[in-house]
Every structure is written in C-alpha cells, then in structure tokens.
C-alpha cells in the first residue's frame, strides 16, 4: 500500500494559484452540500494531505458524485488552483474515488519522533508515585490502547490534528503540569501529571485514522470524555485502585473542558482540576497557533488567512517557516 504514495505529485503545502491538478489524490476532510441561487447543486470541500488542508468547490456536481462524497474518503481530484479572497482554493472539475491508497500516508504527522515521544511517555509514567504509576502504566504502556494513544490525533482540526498529536499534546501538558506543581503550593503533582496523561485518552477511540480522522462510531455515540472514564474505571477495578483517589482523577477527566458549554458535565472544583483545564487550554491554543502559522503558505510575517481559533490573522514568530506539527525534537529542551 505504501507504494501508492508515489501517485501523489502535488502537495497542498506547495499549491499556488494557476496550478492544474490531474487525478491528484487527497483525503476528503469535510463535505458541505449547497445550492446556487438558481438551484444547482454544488459541494464545498476541504481537501487534505500530510502538508495541510485546502478549500475546494465543485460546481454543478453530478449526482453520481454527490451520492458518495463524504468525509474520510480518498479521492482523485482534477481541477485548477485559484485565488479566492486572498486564499488558494481548488476549483474541482472532476472527482473520483481512489481505491487502494494508504490513507495514513496522506495524513499530517507530528514532526517529533514517535520513538522519542514513546520514551518520554514511559519516563513520565515511571516517574509517578503509586498508585498513579500502576494505573497509568496499565492503560498507556501495554495493549491495544497504548498503540492507539501513540498515533491518534488530539482533534480533527484546530490543534494537534495530526498522527501522534494526542501523545504530543499530552506530553506538553505533562511538562507544564510539572512546572506549575513546583510553583504553586498544595498541588498534588502526581494526580495532576496523571490527569494530563489521561485527560484525552478516550480520543484514542474517537477518530478513525483509516478514514482520515473522521469521527468513529465510538466518537459519535460515546465521546472521548465518557470513553476515558469507562477505560479508567475498568482498569481501576482490575487493579483494586483506591476509591478516593479514583474519584479525584475522574473529576479531572470530566471537568477538563472547563465549562458545560464546552462539553464538560461538571466544572473544575479542585485545585488540580482548575490547573488541568488551564494547562489544556494553554497547550491547545499554542498548538492551534503553531498549526495555523505553519499551514498558511504565504511566507510573509502575517498569515493571509484568519485563524478559526483566534478569529484573526496571526503573526509568525521570527524565523518560523514550518508546515505540520509545531515542534521538532531539537526544539524540546
């Protein structure tokens, strides 16, 4: 399957206005159906490959395409790259399903080495005091969940939306959690670090890599917060984990979004829960910033597109000229 990557000749990060695409493979990240003023159907598309994503429009879409077009499919696109409202957009003339492609080859991946991040994960788990170490090791260092956790994205978009994104996001949060636990008094550092490692663990089942980060059945029907709680409670029962400490950990998991409007069934009510929410918010915002400035291909100091997360154009850090994940291993001191 990996040999099929050779079929790809033009990556999104290299697209410029005026380029022609002929049967170029992409992933369909999003599909929105619309009608023109005179009633003709068209599709608003988001196309994706490992270098980023780009908007597309398919005017007068044939019924033979409309019936199957959905997020998560590999497609071959014929069309032209245009400039629309100062951003590139693909005007699609034809789109066909692309069978037999290795979809993960067209998904963005962390710039950090997976091997290095796995080693950091193991060190973080081993560095915990008991009983947190026992629980985290059982969940994250062995079995099917460990592999899913290491390769899953942290989101479909907005931040850390790439292979290994969940692990990168969680490790970043661990680093910040340690700093804050050393600064503020009365913080249970092991509980906070364990919460940072496990808070989004359910996302290992929320997205389907084989469908280009589309929501899985589990993601649609259960969601990552509930799935995370189920996994933790199941492991705790197997390990005879202390009930009072389990309750505090569960509180961190279910409150880490911060508000009910953002999806948490309860707001943070302990010091560690307040810190975990703020650490999660901070790292997701920094990740979203870096993703946006890395994927906007203008090369200028300011991005040409508005960030969906921040609602404005963003200024690149001096010397920044990257695509995909925000960090490489040499950036992590």
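Numbering (our numbering), first residue to last: 1226 to 1558.
Using N, Cα and C, we set each Cβ at its ideal position, and we do this for glycine too.
- If one requires a minimum length of 3 residues, the beta strand (DSSP E) runs lying completely within the region 1281-1342 are 1299-1309, 1312-1322, in chain order.
- Around residue 1488, the same chain offers 1482 as residues with beta carbons nearer than 6 Å, after the five sequence neighbours per side are excluded.
- Note on residue 1491: under 16 other CB atoms within 10 angstroms of its CB, so exposed under the neighbour-count rule.
- The C-beta distance from residue 1244 to residue 1290 rounds to 22 Å, too long to meet the 8 Å contact threshold.
- Assigned with DSSP and collapsed to three states, residue 1491 falls in coil, not helix or strand.
- Distance between residue 1517 and residue 1383, taken at the CA atoms: about 8 Å.
- Only exposed fits residue 1258, as fewer than 16 other CB atoms lie within 10 angstroms of its CB.
- About 7 Å separates the Cβ atoms of residue 1494 and residue 1476, confirming a contact at the 8 Å cut-off.
- In the displayed model, residue 1539 falls within coil according to three-state DSSP, outside both helix and strand.
- Within the region 1347-1408, no run of beta strand (DSSP E) reaches 3 residues while sitting entirely inside it.
- Under the DSSP definition of a beta bridge, residue 1432 partners with 1440.
- Assignment of alpha helix (DSSP H) within the region 1453-1504, counting only whole runs of 4 or more residues, yields 1468-1480 in chain order.
- Put simply, the region 1357-1369 touches the region 1451-1464. At least three CB pairs are less than 8 Å apart.
- Residue 1396 sits away from residue 1374, with the two beta carbons spaced by 8 Å or more.
- For residue 1438, same chain residues with a beta-carbon under 6 Å away, outside a window of 5 residues either side, are 1378, 1381, 1432 in chain order.
- The DSSP-derived three-state label of residue 1545 is coil.
- By DSSP's assignment, residue 1268 forms a beta bridge with 1258, 1283.
- Shown here, residue 1245 sits in a strand according to DSSP, grouped into three states.
- Residue 1338 and residue 1285 have their C-alpha atoms spaced approximately 44 Å apart.
- Membership of residue 1421 in the alpha helix (DSSP H) is indicated by the continuous run 1414-1423.
- With respect to residue 1387, residue 1467 sits apart: the two C-beta atoms are not nearer than 8 Å.
- Taking all protein chains shown into account, residue 1408 has fewer than 16 neighbouring C-beta atoms within 10 Å of its C-beta and is therefore exposed.
- Looking at 1256, 1274, 1273, 1272, the one whose alpha-carbon comes closest to that of residue 1266 is 1256.
- Around the beta carbon of residue 1430, 16 or more other beta carbons sit within 10 angstroms, so the residue counts as buried.
- Taking the Cα positions, residue 1322 is about 22 Å away from residue 1238.
- Under DSSP, no beta-bridge partner is assigned to residue 1521.
- Residue 1404 and residue 1485 have their C-alpha atoms roughly 28 Å apart.
- Annotated as proximal: residue 1302 and residue 1246, with beta-carbon spacing under 8 Å.
- Note that the C-beta distance between residue 1443 and residue 1497 is not below 8 Å.
- In the three-state DSSP reduction, residue 1236 falls in the coil class, being neither helix nor strand.
- Apart from sequence neighbours up to five positions away, the residues of its chain that approach residue 1304 with a beta-carbon distance below 6 Å are 1246, 1315, 1316, 1317, 1318, ordered along the chain.
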